[in-house]
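Visitor:
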Amino acid sequence: MPKGFVVIDKERCKGCGLCVAACPFGVLAITSELNPYGYAVAGVIAPEKCTGCAMCAQMCPDVAIEVYRAVKEGV
Amino acid sequence: MKILMRGNEAMAEAAIRAGCRCYFCYPITPQGELVEYMARHLPRHGGVFLQAESEVAAINMVYGAAAAGVRTMTSSSSPGISLKMEGISYLAGARLPAVIVNVMRAGPGLGNIAPAQGDYFQATKGGGHGDYRLIVLAPSTAQEAAELVMLAFDLSDRYRVPAMVLADGMLGQMMEPVELPEPIPPEKIPEKPWALTGAKGRSPNVVSSFDLDPYRFREVLRALWQTYREIERNEVRWEEYQVEDAELLLVAYGTMGRICRTVVRKARKEGLRVGLFRPITLWPFPYEPLRKLAEKIPVLLTVELSAGQMWEDVRLAVEGRAKTPFYGELGGVVPTPDEILSEVKKHVRD
Amino acid sequence: MSVTEVKVPAGYVPVYTKPKSLSEARFTYCPGCHHGIITRLVAEAIDELGIQERTVGIAPVGCAVFLSDFFRCDFVQAAHGRACAVATGIKRANPDLIVFSYQGDGDLAAIGTAETVHAANRGENITVIFVNNQIYGMTGGEMAPTTLPGMRTVTTPEGRDVRTTGYPLRMSEMLAQLDGPSYITRQAVFDVRHVQMAKKAIIKAFKNQIEGKGFSLVEIVAACPTNLRVSPVEGNKWVVEQALKYFPLGDLKVRD
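Protein chains in written order, with our numbering: chain A, 219 to 293; chain B, 590 to 939; chain C, 14 to 269.
The following block contains the structure:
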């Protein structure tokens, strides 16, 4: 179970790629998937590498990213 | 109890009594006494007096205060009103109530500070950009100036349309006895559920004149023009004086209307059957009552402190039913009753 | 619209979710535009300070003209450049409200210079968010007062010639000379660290208003990738390598 989990709102995403550039672990990439507005949206390509640092969400200009973190066991 | 006051002071005091609690201004002659009066008295009533950095800023402060739901006013004179036109168009577009006093002086340009009526077109036909109207009220005495300022606040709130009181330098600075209207109790001021008070327990309110979609914006303007039509039905005001047997009707507003009253008296003494029609609302203009009079009076002489601006509305009202000569003075020159009377004599049968 | 097909698996808690003071409306900014980050930071600040129900925002003319669609706050749309005067009117009429304007560099530093300077000089108790992207974005990329020397725009096709069009206007430095303002700072959002600093500055600018400290302005040096004709990632680089040369970051005035 990866430390982090990213949810991308594909309707809001405009495929600008700032999240891809911000992610230190290569979790994200711009995919070939088009949203209803014609943008090629960001997607999770390496979910296992996500630490839930939320740097992608911090840089997202479209508030299209939600970030979740695994609850540590015993906490 | 009557108090001796300048027209400017009477308008200021009336605004306070109407519940105006935010007043924004920029100095200009000949409305200085209004500013001074507000600076002294409005803060004592818990109101905000603020001298802005420009007319443009002042009208936009009015826009803000009006959006916050407060009764608000600004005043100026002709060149300053030109600067306010941007904000006035936005007020009209955003359906914000506010009162603007224009104590007219002679123009165009810097002109001079003598009384004139050259801003009639600007006040009644637009002035700012876009498809809108202002309620325009034209007093002819200090007493009426006070009453019309009160009315301007009332109408503006009721219809959510900005209202202008169109006075001139003579009216603003002349002193006369005024019986001040009773203050309006705060609970009598209409509630404004659309105002920006913080979206607590309700969905957000937005005050805006902006809509990128022409079809949606068309609906906004259709509603606005429905309101204008309602105002045209309900709020036309005018005064008739000695019209019953008149063979010549003077048509004049504001200071000129007042002078023409004297002309009527003088003419009557000489046996000339002259009457006066004085529009009080310049918009909505009293087209119908004037048209009715034109059906029985052969000559309607319009007299203005301009080259003939209201004259166009008079001719629209009359539509050829009577002769519509014009007499006016320019540049801040005010004609005497005798000068007007000799003009009358050119048009009336002996 | 934000309905997502992806389900968050059990055992995860949110680290970052959309601010509550934002509506469901999609932003209308171009891809990679820094406006989006800044708009979000304002919403985050409003959330963290718990002031959504008494905040009134002022939308400018320019790319942020649709701002009222994005927020769940009362909003007013102001004439071009007049936001600080409108803010003055609202705040004076009802001092209990938290009033902020959000303006671009054309709006605030060209047509609205007088309104901005005088609101600052009066120490109006308002918060101003000033997005300086060195261009008129909405109208198609014309020269702004903040356009860099030599920078190509549609109205300076050979690059801005300072001999005929003057120099980039450093609004924050000008305002910091005045006695009126409480807080003038210049921030940027080209990386995560700066996004966080900018957010802190925005929170401070709102807090100042809550505490009655007077005029606070947060300038944010931003990128307009569309009109720069570069990718969003290159837009970030542009800010670092070009814009910050003329618009150095940091606090210009802090009155405690």
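Backbone N, C-alpha and C fix where the C-beta goes; we use that ideal spot for every residue, glycine too.
The region 32 to 58 of chain C: which residues have C-beta closer than 9 Å to a C-beta of chain A, in chain order?
Guide: Answer in chain order: Pro32, Leu35, Arg39, Phe40, Tyr42, Cys43, Pro44, Gly45, Cys46, His47, His48, Gly49, Ile50, Ile51, Thr52, Arg53 and Ala56.
Visitor: Which residues, taken in chain order from the region 655 to 681 of chain B, show a beta carbon closer than 8 Å to some beta carbon of chain C?
Guide: The region 655 to 681 of chain B vs chain C, Cβ under 8 Å: Ala655, Ala656, Ala657, Gly658, Val659, Thr661, Glu675, Gly676 and Tyr679.
Visitor: What does a CB cutoff of less than 6 Å around Ala132/C pick up in its chain, not counting 5 residues either side in sequence?
Guide: To locate residue 132/C, count along the third sequence from 1; it is residue 119. Same-chain partners within the cutoff: Cys97 and Thr101.
Visitor: At a cut of 8 Å, does the region 678 to 687 of chain B reach the region 695 to 713 of chain B through at least three beta carbon pairs?
Guide: No, the region 678 to 687 of chain B is not in contact with the region 695 to 713 of chain B.
Visitor: Please decide whether Tyr29/C counts as near chain A, where near means a Cβ-Cβ distance under 8 Å.
Guide: Here residue 29/C is taken as the residue at index 16 of the third sequence, counted from 1. Yes - at least one Cβ of chain A is within 8 Å of the one on Tyr29/C.
Visitor: At what residue ranges does the region 95 to 131 of chain C contain a whole run of the alpha helix (DSSP H), taking only runs of 4 or more?
Guide: 96 to 106, all fully within the region 95 to 131 of chain C.
Visitor: Distance, Cα to Cα, Ser244/C vs Leu252/A?
Guide: By one-based count along the third sequence, residue 244/C stands at place 231. By one-based count along the first sequence, residue 252/A stands at place 34. So the alpha carbons of these two residues sit roughly 18 Å apart.
Visitor: Tell me the DSSP secondary structure of Val78/C in three-state form.
Guide: Looking up residue 78/C in the third sequence gives position 65. Of the three classes helix, strand and coil, the one that applies to Val78/C here is coil, per DSSP.
Visitor: Using a C-beta cutoff of 8 Å, does Glu642/B count as contacting chain C?
Guide: In the second sequence, the residue the question calls residue 642/B occupies position 53. By this cut-off, Glu642/B is an interface position.
Visitor: Under 8 Å by Cβ, that's how I've got Asn3/C and Phe203/C pegged, so tell me the actual separation to the nearest angstrom.
Guide: Limits of chain C in this structure are 14 at one end and 269 at the other, which puts residue 3/C out of reach.
Visitor: By the 9 Å beta-carbon criterion, what residues does the region 771 to 798 of chain B contribute toward chain C?
Guide: If the cut-off is 9 Å between Cβ atoms, the region 771 to 798 of chain B has Ala784, Leu785, Thr786, Gly787, Ala788, Lys789, Gly790, Ser792, Pro793, Asn794, Val795, Val796, Ser797 and Ser798 near chain C.
Visitor: With contact counted as at least three CB pairs below 8 Å, one residue from each stretch, are the region 216 to 224 of chain C and the region 104 to 124 of chain C in contact?
Guide: Result yes; three or more Cβ-Cβ pairs closer than 8 Å.
Visitor: So with Cβ pairs under 8 Å, would you call Val293/A a contact of chain C?
Guide: On the first sequence, residue 293/A is found 75 positions in, with the first residue counted as 1. Here the model assigns Val293/A a pLDDT of 46, short of 50, so the residue's position is not dependable and the matter cannot be decided.
Visitor: Of the choices Leu54/C, Gly45/C and Leu241/C, whose alpha-carbon is the least far from that of Ala218/C?
Guide: Locating residue 218/C in the third sequence gives position 205, counting from the first residue. Answer by Cα proximity: Leu54/C.
Visitor: By the 10 Å Cβ neighbour count, where 16 or more other Cβ atoms means buried, how is Asp802/B classified, buried or exposed?
Guide: The sequence position of residue 802/B within the second sequence is 213, counting from 1. So Asp802/B ends up on the exposed side.
Visitor: Alpha carbon to alpha carbon, how far is Ala655/B from Ala628/B? Give it in angstroms, no decimals.
Guide: As a position in the second sequence, residue 628/B is number 39, starting the count at 1. As a position in the second sequence, residue 655/B is number 66, starting the count at 1. When rounded, the distance between both Cα atoms is 19 Å.
Visitor: To the nearest angstrom, report how far apart Arg268/C and Met210/C are at their CA atoms.
Guide: As a position in the third sequence, residue 268/C is number 255, starting the count at 1. As a position in the third sequence, residue 210/C is number 197, starting the count at 1. Each residue's Cα considered, the two are about 18 Å apart.
Visitor: Tell whether a beta-carbon distance below 8 Å holds between Pro926/B and Lys858/B.
Guide: Taking the first residue of the second sequence as position 1, residue 926/B is located at position 337. Taking the first residue of the second sequence as position 1, residue 858/B is located at position 269. Not closer than 8 Å, so no.
Visitor: Taking the beta carbon of Ile263/A as the centre, do at least 16 other beta carbons fall within 10 Å, making it buried, or is it exposed?
Guide: Along the first sequence, one-based indexing puts residue 263/A at 45. Exposed, since its Cβ has fewer than 16 Cβ neighbours within 10 Å.
Visitor: Have a look at Phe799/B, Leu879/B, Met590/B and Lys781/B and flag the residue whose alpha-carbon is nearest the alpha-carbon of Val825/B.
Guide: Here residue 825/B refers to the residue found at position 236 of the second sequence. Of the candidates Phe799/B, Leu879/B, Met590/B and Lys781/B, the one whose C-alpha sits nearest the C-alpha of Val825/B is Leu879/B.
Visitor: Is the CB of Gly653/B under 8 Å away from at least one CB in chain C?
Guide: For the purposes of this step, residue 653/B is identified with residue 64 of the second sequence, where counting begins at 1. It does: the Cβ of Gly653/B has a partner Cβ on chain C nearer than 8 Å.
Visitor: Measuring alpha carbon to alpha carbon, tell me which residue in Gln276/A, Ile283/A and Cys231/A is nearest Ser250/A.
Guide: Taking the first sequence and counting its residues from 1, one reaches residue 250/A at position 32. Ser250/A has its Cα closest to that of Cys231/A, out of Gln276/A, Ile283/A and Cys231/A.
Visitor: If we ignore side chains and look at the alpha-carbon of each, how far apart do Gln273/C and Asn240/C end up?
Guide: Here chain C has residues from 14 to 269 only, and residue 273/C is not among them.
Visitor: Can you tell me which residues form a DSSP beta bridge with Ile592/B?
Guide: Here residue 592/B is taken as the residue at index 3 of the second sequence, counted from 1. Bridge partners of Ile592/B: Val767/B.
Visitor: Report the residue from Val208/C, Thr30/C and Glu254/C whose alpha carbon sits nearest the alpha carbon of Glu232/C.
Guide: Working through the third sequence from its first residue, we reach residue 232/C at position 219. Selected option, being the one with the closest Cα: Val208/C.
Visitor: According to DSSP, is Val293/A helix, strand or coil?
Guide: For this step, residue 293/A is matched to residue 75 along the first sequence. Legend: pLDDT at Val293/A = 46, less than 50; position of this residue unreliable, no value from coordinates given.
Visitor: Is there a C-beta anywhere in chain B that falls below 8 Å from the one on Asn107/C?
Guide: Numbered from 1 along the third sequence, position 94 holds the residue referred to as residue 107/C. It does: the Cβ of Asn107/C has a partner Cβ on chain B nearer than 8 Å.
Visitor: Starting from the beta carbon of Thr68/C, find every residue of chain B whose beta carbon is closer than 9 Å, and list them in chain order.
Guide: As a working mapping, residue 68/C is identified with position 55 in the third sequence. Correct list: Gly787 and Ala788.
Visitor: Taking any Cβ of chain C, which residues in the region 746 to 765 of chain B have a Cβ under 8 Å from it, in chain order?
Guide: Here the close residues number zero.
Visitor: Could you give the distance in angstroms between the alpha-carbon of Phe143/C and the alpha-carbon of Gly150/C?
Guide: Start at 1 with the first residue of the third sequence, and residue 143/C comes out as number 130. Start at 1 with the first residue of the third sequence, and residue 150/C comes out as number 137. Rounded to the nearest angstrom, the two C-alpha atoms are 14 Å apart.
Visitor: Name, please, each residue of chain C whose Cβ falls closer than 8 Å to the Cβ of Phe243/A.
Guide: Residue mapping note: residue 243/A aligns to position 25 of the first sequence, counting from 1. Ordered by position in chain C, no residue passes the 8 Å Cβ test against Phe243/A, which lies about 13 Å from the chain.
Visitor: Which residue's Cα is closest to the Cα of Pro86/C: His93/C, Val28/C, Glu57/C and Arg165/C?
Guide: Here residue 86/C refers to the residue found at position 73 of the third sequence. Looking at the sequence provided, one finds Cys at residue 86/C rather than Pro. For the residues His93/C, Val28/C, Glu57/C and Arg165/C, the minimum Cα distance to Cys86/C belongs to Glu57/C.
Visitor: Taking Cβ to Cβ, would you say Pro44/C is nearer than 8 Å to Tyr255/A?
Guide: The residue given as residue 44/C occupies position 31 in the third sequence. The residue given as residue 255/A occupies position 37 in the first sequence. No, the Cβ-Cβ distance between Pro44/C and Tyr255/A is not below 8 Å.
Visitor: Under 8 Å Cβ-Cβ, which residues of chain B neighbour Ser81/C?
Guide: Mapped onto the third sequence, residue 81/C falls at position 68. Under the 8 Å cutoff, chain B gives Pro793, Val795 and Ser797.
Visitor: Is it buried or exposed for Tyr652/B, if we count other Cβ within 10 angstroms and need 16 for buried?
Guide: Looking up residue 652/B in the second sequence gives position 63. Result: buried.
Visitor: Name the chain A residues that come within less than 8 Å of Gly24/C, Cβ to Cβ?
Guide: Position 11 of the third sequence, counted from the first residue, corresponds to residue 24/C. Residues of chain A passing the Cβ test: Met219, Ala288 and Val289.
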